[in-house]
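Enquirer: Please read through the structure below; I'll follow up with questions.
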Amino acid sequence: MTDTDDRGRKDTLAKLAQSRAEFLSILEPPRRDVPAGSGPDDGSAAGHAGAFPRSRTMKLLLSGRGIGTLGAVLGGLALARPALVLRLIRMLPAGALARILLVKAVTALRSNAGKRLNTPKQTKKA
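Sequence positions in the sequence shown follow the numbering used here and run 1269 to 1394.
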């Protein structure tokens, strides 16, 4: 009786190890070298394979155009159905969203400040 139990236990452990390996391959895909210049158009660091976000939809939503579009949709929704927007806001993790928005704002301010410092000063012509 213990021989059957041991065999069943070994089979179960082997299946468990196999399913864990499958989960790891899904959650952490192998990183591949991407040729230079084949990254996303927005210049973000998420250009190499396996980097977050991997899906095209999330890349679009996190790009500048995607955030602008998403903001316009949310603004229209806020004007049309403010009670629904308030209910949705209560469901969202406010701390995480605030942190993301703060990082985006600081990054945008730094890039704008760098552009202003690198541009030559124009003189007025009389």
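Quick reminder that beta carbons are idealized off the backbone N, C-alpha and C, glycines included. As the structure is a prediction and not an experimental result, all values here were calculated from the model.
What alpha helix (DSSP H) runs, 4 residues minimum, are completely inside the segment 1335-1381?
Expert: 1350-1359, all fully within the segment 1335-1381.
Enquirer: What do you get for Lys1372, buried or exposed, if any count of 16 or more other CB atoms within 10 angstroms of its CB means buried?
Expert: With fewer than 16 other Cβ atoms within 10 Å, it is exposed.
Enquirer: Over what stretch of residues does the alpha helix (DSSP H) that includes Arg1324 continue unbroken?
Expert: Per DSSP, Arg1324 belongs to the alpha helix (DSSP H) from Arg1324 to Leu1330.
Enquirer: Starting from Glu1290 and walking both ways along the alpha helix (DSSP H), at which residues does that stretch end?
Expert: Glu1290 -> alpha helix (DSSP H) spans Thr1270 to Leu1295.
Enquirer: Alpha carbon to alpha carbon, how far is Leu1345 from Ala1364? Give it in angstroms, no decimals.
Expert: If I take the Cα positions, the gap works out to 22 Å.
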